[in-house]
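Peer 1: Residue numbers (the numbering used here), protein chains in the order written: chain A, 3 to 251; chain B, 3 to 251; chain C, 3 to 251; chain D, 3 to 251; chain E, 3 to 251; chain F, 3 to 251; chain G, 3 to 251; chain H, 3 to 251.
Before I ask anything, here is the structure I am working with.
There are 8 protein chains.
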Amino acid sequence: MTPDQLKLLLDSVKEGTVPVEQAVERLRQLPFQDVGCAQVDHHRELRQGMPEVIFGEGKKDEQIITIMGAMAENGSNVLVTRIDADKAQRIQRTFFGALYHANARCLTLEQRPAEAKGRGTILVVSAGTSDLPVAAEALVTARFLGNEAEHIYDVGVAGIHRLLARHEELAAASVLIVVAGMEGALPTVVGGLVDKPVIAVPTSIGYGAAFGGIAALLGMLNSCAAGVTVVNIDNGFGAACAASLINRA
Amino acid sequence: MTPDQLKLLLDSVKEGTVPVEQAVERLRQLPFQDVGCAQVDHHRELRQGMPEVIFGEGKKDEQIITIMGAMAENGSNVLVTRIDADKAQRIQRTFFGALYHANARCLTLEQRPAEAKGRGTILVVSAGTSDLPVAAEALVTARFLGNEAEHIYDVGVAGIHRLLARHEELAAASVLIVVAGMEGALPTVVGGLVDKPVIAVPTSIGYGAAFGGIAALLGMLNSCAAGVTVVNIDNGFGAACAASLINRA
Amino acid sequence: MTPDQLKLLLDSVKEGTVPVEQAVERLRQLPFQDVGCAQVDHHRELRQGMPEVIFGEGKKDEQIITIMGAMAENGSNVLVTRIDADKAQRIQRTFFGALYHANARCLTLEQRPAEAKGRGTILVVSAGTSDLPVAAEALVTARFLGNEAEHIYDVGVAGIHRLLARHEELAAASVLIVVAGMEGALPTVVGGLVDKPVIAVPTSIGYGAAFGGIAALLGMLNSCAAGVTVVNIDNGFGAACAASLINRA
Amino acid sequence: MTPDQLKLLLDSVKEGTVPVEQAVERLRQLPFQDVGCAQVDHHRELRQGMPEVIFGEGKKDEQIITIMGAMAENGSNVLVTRIDADKAQRIQRTFFGALYHANARCLTLEQRPAEAKGRGTILVVSAGTSDLPVAAEALVTARFLGNEAEHIYDVGVAGIHRLLARHEELAAASVLIVVAGMEGALPTVVGGLVDKPVIAVPTSIGYGAAFGGIAALLGMLNSCAAGVTVVNIDNGFGAACAASLINRA
Amino acid sequence: MTPDQLKLLLDSVKEGTVPVEQAVERLRQLPFQDVGCAQVDHHRELRQGMPEVIFGEGKKDEQIITIMGAMAENGSNVLVTRIDADKAQRIQRTFFGALYHANARCLTLEQRPAEAKGRGTILVVSAGTSDLPVAAEALVTARFLGNEAEHIYDVGVAGIHRLLARHEELAAASVLIVVAGMEGALPTVVGGLVDKPVIAVPTSIGYGAAFGGIAALLGMLNSCAAGVTVVNIDNGFGAACAASLINRA
Amino acid sequence: MTPDQLKLLLDSVKEGTVPVEQAVERLRQLPFQDVGCAQVDHHRELRQGMPEVIFGEGKKDEQIITIMGAMAENGSNVLVTRIDADKAQRIQRTFFGALYHANARCLTLEQRPAEAKGRGTILVVSAGTSDLPVAAEALVTARFLGNEAEHIYDVGVAGIHRLLARHEELAAASVLIVVAGMEGALPTVVGGLVDKPVIAVPTSIGYGAAFGGIAALLGMLNSCAAGVTVVNIDNGFGAACAASLINRA
Amino acid sequence: MTPDQLKLLLDSVKEGTVPVEQAVERLRQLPFQDVGCAQVDHHRELRQGMPEVIFGEGKKDEQIITIMGAMAENGSNVLVTRIDADKAQRIQRTFFGALYHANARCLTLEQRPAEAKGRGTILVVSAGTSDLPVAAEALVTARFLGNEAEHIYDVGVAGIHRLLARHEELAAASVLIVVAGMEGALPTVVGGLVDKPVIAVPTSIGYGAAFGGIAALLGMLNSCAAGVTVVNIDNGFGAACAASLINRA
Amino acid sequence: MTPDQLKLLLDSVKEGTVPVEQAVERLRQLPFQDVGCAQVDHHRELRQGMPEVIFGEGKKDEQIITIMGAMAENGSNVLVTRIDADKAQRIQRTFFGALYHANARCLTLEQRPAEAKGRGTILVVSAGTSDLPVAAEALVTARFLGNEAEHIYDVGVAGIHRLLARHEELAAASVLIVVAGMEGALPTVVGGLVDKPVIAVPTSIGYGAAFGGIAALLGMLNSCAAGVTVVNIDNGFGAACAASLINRA
């Protein structure tokens, strides 16, 4: 509810067209919907500029279907992240138009074309072959949110020439999402080469003292390239949300 | 060295106006300067859009003076962060025009007016009185880098009405830097209210299980508000660099 | 054994109706029962005001059945927590009247109606859909212990209006149990809105730097809302025990 | 602002006695006061039943004096925690009536007698001599908030008879705050003896693998006595706030 | 090889009954045996007073059979720890006389009666039903090493009377092994009641902030009962070895 | 109070020589003494076979003097650990006979000769020069408790021959306390050479990844020499208490 | 591309035999190959002296086959690490000549004999039976890279004589790789016996406070034997790479 | 004592020129010297190829002087590390020829010229100005041990061109020591550029999530450049020892 809407409501109260009791009620009823297991936030798109997204991990089929249904009826496009192939297939039986992105472990239901909002290209850069799923989640999300998005892969810092060879593509992006596991040094090197915002995504790739992504996370938080910001381990989705907010005119 | 410059050099080699040996030399000589304790990177402003900044902590007076001198001679504006009042005062004896920002523990030397580059306002939001120094570092840095910057303070989530009362200011910013210690929940609440990029800065404020900022850092990395990105504990400087890159046209 | 009972025993010794040897024996025999794998504490209900509860995780069918049997024979109501559907079903073959609460992963055997002891309502507030099982464990336990208990769900702080809309229900409770994973900020916001005791329950929901609930736990321990207390990760049962002790007249 | 106040405001708007613009303004102006370094929350006492308290650590003299002044002018009693003797002495020069509690490291300014609110006694139980300051902070806070409060000290679990000898005092309390460092086992033993809410406070006492209170904190979170809740390390203040909320009729 | 044996060897060299080359060889050949995957240490029983024991976890059937065979041929009794029922059953096909202890997950092969060496009774005390397997490993090991050993179970500190009722048995032991998970407070309470060595064994029982036994381990290391020593999490075997060394005349 | 004393008391009650009220009182009055800041446990020597010891760290002069006074009046020998030279000197002004052990940072007051209780020698073995203070604390404590005690120092495992050369002394001890920082490997090597109980004491010596003794602590807990038990970091006192209990006939 | 090659290229440009555009292109085209999921780095052998190696864990069959194919076509020998028997068998259907090393979990395809490069023998020393797979990975890798390599196993420090008996073999090696889990003390003891480089490999063997290899890792980083260096937990491959670089003339 | 010496001794015993008792004695007397607080290991130079080095931190003046004296009398060169300027100055009063290296915090006493043993140059590469002291310790140590050693500084990965410009120097070294704090990415990039052994030294430089060098340490352990090995945080000395062992012919 915007300030204008608030003023309109109060004018109506003053004019007597809206009774006091009803105004009290409306002031506390914001547009979300109780679907039994969740409060679907139809208002988020207005408030935050992107629709609510369903985090699939740990949710049961019925829960996802219920929430998707409420959103679909409301006319929204829907994105489900962290959903495996089996669960996705079962849900596609209810939502025929839903599309499963295997690499990214995402399910999308696009009822209307994503309206292009970005002013430039979001470039996803990833370090090793094993980082591909997280990079894919970022790519799918960025495009779902109405952005141009591209991908450079397997350009780890132990063979720095592979990265330097892509310098022009790096320079052409408006925002960069850099995905890396193990020691997580790639965002620092990229951050030192470009003059654009860099969002670093640590991945849980590695073993031993990688500690499920802690090594990469700490590396990125301590980046000596000023201006690099970081999201949670394996959080390709969150990186794409941030990149999308940045990429808007 | 840009691709154009590279082509020009190779043309010169072809035409014989530049001997091969000299070209080999130039291809490996990039514009940084060895000042004895550091390699001053005069090139960074071109490459990354912001001048090199001196991290003052742990550096001796002479080291700071040497590096500042090399930068000042080159005509750059200079920012020194994490510098206490005593050290700053001693350095001001060499650089008369340098200005000390006590709250932010920063020293600036502005030889030419910072050229305004941002397209909007960077808003720094901080949680408690003890978070003020980190917020101040972000403010000073953001302005040094040519941005409009404002500050809302003491709006912690335990008295949520203080924050909600500032909703319009929040909505008017182009980028937000949200600074909080203890449980670090403020960026999530702010991120849920606006549709702009939010950069979260955990501070080392707190005691016991705050673990010097770890609690706040983890809280911010796990923010349920999609699109919040995070920098290192107490890193107001880094947050402002990121915000500045985002704020440019 | 209460002080009165002790005095009575000593009087009997003095009067010679209880021989010294027998008194020595009784002074060391407190009313618990060895059932082979456990010492069932029939005395707890008198001493602590709530019956012993069986923690089902890691216990074998036979162990649970033996302990339940000893308690049932003694006339107690029985609560088994952390028990999966399969194990519960096998145990229900022995105890026909036992009821399985699937969401809460609890089994209850109520031989007499739970006597209503609370002076108000215990309100369970949970953040995300994935936090529901922990909230359900708290609800089942609170009711088992003789309290009125209600539930508000999916009111995470990234959409703060969903929570504010329930302000009256929050204010009406006598104790609040607030369940949240990820950054665990919900108890702080709730604690800032009400003047009643708030018990925070971190959940293991999240990934990456959530570290199985550590992020939420630390967030809650560092809550800037004074008066919030915390229990172990996923410990809905313990929160309900504490709430029940608080809720008594 | 209560629901009744909201209704009154809207009635006034309807009747025309309050112009719409003014109502909009009041709806966003809640009663806090900007004192330059903080937003003093005069509203907290109404909202949460206890006045705002000043956390002294890391605040400068001027900041404390400014905030105390705003609160004192408003007629509030004032409590400053974590304040050392030197700083307290300097502040007492401005506020003559302020009283310093050396053991507890607290400063209180009581302008009107604390109105007795509790329905019973809050009992603080502490384990070792070194835990006394944290226990004292809890005692001072509990009394400041209008409660009867008593103290049992040096009753660590390695000499369990010292604790058992105080059984009647334990049983007579309405809420217990149990303070312990090292292995932090005392709250579990106390929790097993009484049928009242127990709030556990880990202290940073110990060395080596005590890790500044982590051992005690973990011990308390894993208490096998159901119903024990925990606050942050050394947080005697927070424990007393929780106990005070519980102790009210 | 004992000092006496060394002297004997050197005497033999002097007398010429042992050639120098052979003495050199013997001085470097100590009595262990290469069985392909391991160096079986037949010498350990002489050197350390207990035979080598096979840690079964992670070893393949063939590896265990090979090592057991080499030990059995040498006339030793054999103990295999951390071995599940299936693997044990397969190995019993080769060693008919081997006995599987299901609770303790141990396999023993006793070729000659364990010679009784202890001067008193080793008492194993355990806290909860879930700690039984670790306690059982300690019991089986203690008896295998020639000690009298008894067991008191389910005497957790939240119902302290269950423990106090067994005071005489506690006092009668010559060494105590105290096994507990969760907050691990039992060894401290026991250590405060007896004047005998107490060995504490943390178990991995618990959830959330139990962190797989870390809470119990830290609690025990910080025990305020002087004289408690600690072994690794779940290491019932190691505790029994230490107790056995202590129990010898 | 022993079982015999209990029987005597009950006999007196039966015979009427002790009134019931007095018996009730005595059953709850165990022999400890409230000295204002502590409950001095005069009973410990009977119960645990060693007198209460004062942990000096963090205690004020007055507190130590008060507790020492109560113990001295009772005729006990007194040991204060973790006390620096200045504080000790101030306390010696009150207790002239007290002796300060500078290396061990201990103060002892022996009013009667320590009665020799041990059946053999406690041998303290330490790794590096920096581990000497912890070893000294163990030595002073062991002797204070009535044991013969010796010391072998600077025999770290990186020069294994230094240790092997002392083999006979190792073999002659009845209990060994092995003190080491850094990687903490010494107890394992010693444990593999002897057939006596080995108590490992990690020290906080080291830097970087030594983490204040964590590396040594973990090394010792994971010792592959069965029968090694461990105490807290730098806890020479606790190791000597355990060794003393073991060393008694 | 070597400096010589660069000079040659520039000479060609000068002479006009290579057009400027083509030179620009070549300067940015280094010899790696995009195979769809990876950038195969054919250049590494020249640059680093060893071929690129495929880390098998988490890679799908198709990805491994694609990368192996690109390398095989280029004439390289191929090593795949961390690959289980099933996956290896499926891949052998495509590459008939590939050899699976079960203990080491490695697959090798040798198209030309590994050219012997080392100047001495790499000796792998391992502590327990469970450390064998990591040791085997080191052995296979060392030989694949053209080195002589030998293995001493089951020489843990708890039976130090087993190690001392192999002193000559230790002394004869040119580089030593020492593999150990649990407390990880073996590299320190070995490092104290030889005058050659020692590379320590912690393994994830152990339980409880071994924390998946952290105890061993910390032990090795804190080794008191100067000159020991460390690689990641279970990283036999990396240790062999380092040893191979050291072993070259 | 070498095998040859052992044979000689045994021959002497056989011939009767050495009595058995004396041989027993010599077999246990290895050439180290008890100086009261330490066992000086004169044998180390023979055994390990480098003299014992004194770790100065935490040692008192007298201890250092005693140990230096014993070594100096034996004709050894002496290196003391981690010694501050004041302590060094006091020690120089006893050892006039000793030289203090302020940057490296080392004291050296060279009684005879260090004999040149290395076959190439050890190159120390450091990332930031603050890493200089650790790099200096490595340089001083490497030269003390008889190696050529050079230094490249301030070549952090955020300005990768500074490093690439030094490619020839990197390629010319025989061993590289790479020193970096913060995210510790430099060794990976260097390791990807050269075909020589790289030893990584994490430093404690940084703040917040740098955790005193843990971030850099983890980054280096997880380096994706195969063949990088790691030493403890700030351990420039250890890195130089390892490099020296590698650099020998």
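A virtual CB, placed ideally from N, CA and C, is assigned to each residue, including glycine.
#1: Measuring only between beta-carbons, confirm whether A202 (chain H) sits less than 8 Å from chain A.
#2: Select from the segment 214-248 of chain D all residues with a C-beta closer than 7 Å to any C-beta belonging to chain B, and list them in chain order.
#3: Name the chain E residues whose beta carbon is nearer than 8 Å to that of K61 (chain C)?
#4: Which whole runs of the beta strand (DSSP E) in the segment 105-158 of chain F are 3 residues long or more, in chain order?
#5: Using a Cβ-Cβ cut-off of less than 9 Å, give me the residues of the segment 185-199 of chain F that come near chain E, in sequence order.
#6: Work out the CA separation of V196 (chain C) and L166 (chain C) for me, nearest whole Å.
#7: Just the chain F side, please: which residues come within less than 9 Å of Y209 (chain D) by C-beta, in chain order?
#8: Give the interface partners of Q65 (chain A) over in chain C, defined as CB-CB distance under 8 Å, in chain order.
#9: What residue range does the beta strand (DSSP E) around A202 (chain B) cover?
#10: With a threshold of 8 Å between beta carbons, is D156 (chain G) in contact with chain E?
#11: For A90 (chain E) and E64 (chain E), I'd like the C-alpha separation in whole angstroms.
#12: How is the beta strand (DSSP E) around L188 (chain B) delimited, first residue to last?
#13: Does the segment 181-189 of chain E come close enough to the segment 79-98 of chain E that 3 or more CB-CB pairs lie under 8 Å?
#14: What are the boundary residues of the alpha helix (DSSP H) that includes A182 (chain E)?
#15: What in chain G is Cβ-close to V55 (chain H), meaning under 8 Å?
#16: Does any CB atom of chain I fall closer than 8 Å to the CB of R164 (chain F)?
#17: When DSSP labels each residue in this structure, what does V230 (chain H) get in the three-state scheme?
#18: If I follow the unbroken alpha helix (DSSP H) through T83 (chain G), where does it start and stop?
#19: Going by the DSSP bridge assignment, what does F57 (chain H) pair with across the sheet?
#20: Using DSSP with H/G/I as helix, E/B as strand and the rest coil, what is R92 (chain A)?
#21: Exposed or buried, which one is T96 (chain A) when buried takes at least 16 other CB atoms within 10 Å?
#22: Under a Cβ-count criterion, where at least 16 other Cβ atoms within 10 Å of its own Cβ denotes burial, should L220 (chain G) be classed as buried or exposed?
#23: Please compile the residues from chain E whose C-beta is within a distance smaller than 7 Å of the C-beta of Q94 (chain C).
#24: Can you name, in chain order, every residue of its own chain whose Cβ lies under 7 Å from the Cβ of A137 (chain D), other than the five neighbours on each side?
#25: Short of 6 Å in beta carbon distance, which residues of its chain neighbour V142 (chain C), apart from the five on each side in sequence? Order them along the chain.
Peer 2: Taking the structure as given:
#1: Counted from its first residue, the eighth sequence places residue 202 (chain H) at position 200. No - not a single Cβ of chain A is within 8 Å of the one on A202 (chain H).
#2: G215, L219, N234, I235, D236, N237
#3: For the purposes of this step, residue 61 (chain C) is identified with residue 59 of the third sequence, where counting begins at 1. Near K61 (chain C) (Cβ distances below 8 Å), the residues of chain E are T131, S132.
#4: 108-111, 123-128, 150-154
#5: G193, G194, L195, V196, D197, K198, P199
#6: The sequence position of residue 166 (chain C) within the third sequence is 164, counting from 1. The sequence position of residue 196 (chain C) within the third sequence is 194, counting from 1. Whole-angstrom Cα-Cα distance: 11 Å.
#7: Taking the fourth sequence and counting its residues from 1, the one referred to as residue 209 (chain D) is at position 207. Under the 9 Å cutoff, chain F gives E59, R84, S206, N234, I235, D236, N237.
#8: The sequence position of residue 65 (chain A) within the first sequence is 63, counting from 1. Those within 8 Å of Q65 (chain A) in chain C are T131.
#9: Counting from 1 along the second sequence, the entry for residue 202 (chain B) is found at position 200. Element bounds for A202 (chain B): 200-204.
#10: Sequence index remark: in the seventh sequence, residue 156 (chain G) carries index 154 (1-based). At least one chain E Cβ lies under 8 Å of D156 (chain G).
#11: Residue mapping note: residue 90 (chain E) aligns to position 88 of the fifth sequence, counting from 1. Residue mapping note: residue 64 (chain E) aligns to position 62 of the fifth sequence, counting from 1. Distance between the alpha carbons of A90 (chain E) and E64 (chain E): 12 Å.
#12: Numbered from 1 along the second sequence, position 186 holds the residue referred to as residue 188 (chain B). No beta strand (DSSP E) contains L188 (chain B), which is instead part of the alpha helix (DSSP H) from 188-195.
#13: no
#14: Position 180 of the fifth sequence, counted from the first residue, corresponds to residue 182 (chain E). Careful: A182 (chain E) lies outside any alpha helix (DSSP H), inside the beta strand (DSSP E) at 177-182.
#15: For the purposes of this step, residue 55 (chain H) is identified with residue 53 of the eighth sequence, where counting begins at 1. Residues of chain G passing the Cβ test: A228.
#16: Checking the listed chains, one finds no chain I in this structure; the protein chains it contains are A, B, C, D, E, F, G and H.
#17: The count along the eighth sequence starts at 1 and reaches residue 230 (chain H) at position 228. Residue state, collapsed to three classes: strand.
#18: If you number the seventh sequence from 1, residue 83 (chain G) lands on position 81. Note, T83 (chain G): premise wrong, no alpha helix (DSSP H); beta strand (DSSP E) at 80-83.
#19: For this step, residue 57 (chain H) is matched to residue 55 along the eighth sequence. Note: F57 (chain H) sits in a beta bridge opposite H:T83.
#20: The residue given as residue 92 (chain A) occupies position 90 in the first sequence. Looking at R92 (chain A) - three-state DSSP - the assignment turns out to be helix.
#21: In the first sequence, counting from the first residue as 1, residue 96 (chain A) sits at position 94. Burial call: exposed.
#22: Taking the first residue of the seventh sequence as position 1, residue 220 (chain G) is located at position 218. Looking at its Cβ environment, which holds 16 or more other Cβ atoms inside 10 Å, L220 (chain G) is buried.
#23: Counting from 1 along the third sequence, the entry for residue 94 (chain C) is found at position 92. Within chain E, no residue comes near Q94 (chain C); the closest Cβ sits about 21 Å away, beyond 7 Å.
#24: Numbered from its first residue, the fourth sequence carries residue 137 (chain D) at position 135. Taken in chain order, the residues that qualify are V126, S128, H153, Y155, V181, G238.
#25: Here the question's residue 142 (chain C) lines up with position 140 in the third sequence. Taken in chain order, the residues that qualify are H103, A106, C108.
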